[in-house]
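*Asks:* Before I ask anything, here is the structure I am working with.
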Amino acid sequence: MKKRIIALGIFLSLIVAAVIILPQTLLKPEPIHIHAGFQVYADDKLQDLSDFKYMHEMPCSIDGKPVEGAPKDEQQERAHLHDQTGDVVHVHRQGGTWGDLFKNIKYEISDDAVVYANGQKIDNLLDREIVPYESVVIFTGKHTDDQKYLKNAVKKEYIQEIEKKSETCGS
Ligand SMILES: [Zn+2]
Ligand SMILES: [Zn+2]
Numbered sequence: 713m714k715k716r717i718i719a720l721g722i723f724l725s726l727i728v729a730a731v732i733i734l735p736q737t738l739l740k741p742e743p744i745h746i747h748a749g750f751q752v753y754a755d756d757k758l759q760d761l762s763d764f765k766y767m768h769e770m771p772c773s774i775d776g777k778p779v780e781g782a783p784k785d786e787q788q789e790r791a792h793l794h795d796q797t798g799d800v801v802h803v804h805r806q807g808g809t810w811g812d813l814f815k816n817i818k819y820e821i822s823d824d825a826v827v828y829a830n831g832q833k834i835d836n837l838l839d840r841e842i843v844p845y846e847s848v849v850i851f852t853g854k855h856t857d858d859q860k861y862l863k864n865a866v867k868k869e870y871i872q873e874i875e876k877k878s879e880t881c882g883s
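Quick note, the working numbering runs 712 ahead of the 1-based positions in the sequence shown.
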C-alpha cells in the first residue's frame, strides 16, 4: 500500500513538473543571434534608419563589455537595430520576422511595397522569417529602376562586419 502511494506521488510530481516545465521550454523561442541586411526606398530615395529613435535602447556593448541588466522585452528581442546601424537587423529569437522588425522600430511599410530578397521578388515580407545574411530591398512609392538600386543592396560581407562588432551583443 505504502509503495503504491509513493509511486502515485512520484507519478503526480512528474505530471506537475511536465505541466509547468514543458510550456516554458516549448513556447519560449530559442535565443539565437543572427543578422540580415535591408534597405527601404521611398520614391527611389534610400531611407536612413540609423537615427537613434530606431535603435534598441541597450547598446550591444560599452567599451567592448557586454551590457547586462534590464529585463528583456520578448517582442523587442525578436528583431531590432543596434549601434545606429540602420541597415542590419539583429534577431535574438528563433522565428523573428521582418514584421517584428518594422513593428519594433515603428516604421510602417505600405501595402503596395515591392520587395526583393537576395535579388528575387517576394510577397508577404512582414510574415517572412529573417534568415542569416539575407539582403532585403523594399521599394515604396514611385520606383523606376529596381534593378539599378538592387545592385547597391546590403552585401553579406558588410553584414558580417557588423556581426563581428556585435559579437558581445546578447540582447
Ligand atoms: Zn547582433
Ligand atoms: Zn540586440
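Glycine included, every Cβ here is placed at the ideal spot set by N, Cα and C.
Give me the Cβ distance between N830 and Q787, rounded to the nearest whole Å; I'm assuming they're in contact under 8 angstroms.
*Replies:* Going by Cβ atoms, the distance from N830 to Q787 rounds to 27 angstroms, so no, they are not a contact pair.
*Asks:* Count the other C-beta atoms from every protein chain shown that fall within 10 angstroms of the C-beta of T797, then say buried if there are 16 or more, exposed otherwise.
*Replies:* Answer is buried; the Cβ neighbour count reaches 16.
*Asks:* Alpha helix (DSSP H) containing Y828: first to last residue?
*Replies:* Segment 826–829 is the beta strand (DSSP E) holding Y828; no alpha helix (DSSP H) there.
*Asks:* Below 8 angstroms on the Cβ atoms is my contact criterion, and I expect Q759 with Y766 to pass it. Report the Cβ-Cβ distance as a whole number of Å.
*Replies:* So it is not a contact: roughly 10 angstroms between Cβ atoms.
*Asks:* Hey, is H747 close to ligand 2, as in C-beta under 6 angstroms from one of its heavy atoms?
*Replies:* It does not: the Cβ of H747 is nowhere closer than 6 angstroms to a heavy atom of ligand 2.
*Asks:* Can you find a heavy atom of ligand 2 that lies under 6 angstroms from the Cβ of H855?
*Replies:* It does not: the Cβ of H855 is nowhere closer than 6 angstroms to a heavy atom of ligand 2.
*Asks:* Quick check: the region 805–824 against the region 865–880, are at least 3 beta-carbon pairs closer than 8 angstroms?
*Replies:* Taking 8 angstroms as the limit for Cβ pairs, the verdict is that the region 805–824 does not touch the region 865–880.
*Asks:* Nearest to D763 by alpha carbon, out of A825, A748, L793?
*Replies:* Among A825, A748, L793, the Cα nearest to that of D763 belongs to L793.
*Asks:* Using a Cβ-Cβ cut-off of 6 angstroms (strictly less than) and excluding sequence neighbours within five positions of L761, which residues of its own chain qualify?
*Replies:* If we look at L761 and ignore the five residues flanking it on each side, its Cβ neighbours are G798.
*Asks:* Which whole-angstrom value is the C-beta distance of V848 and Y861, which I expect to be below 8 angstroms?
*Replies:* The Cβ separation is near 12 angstroms, so there is no contact.
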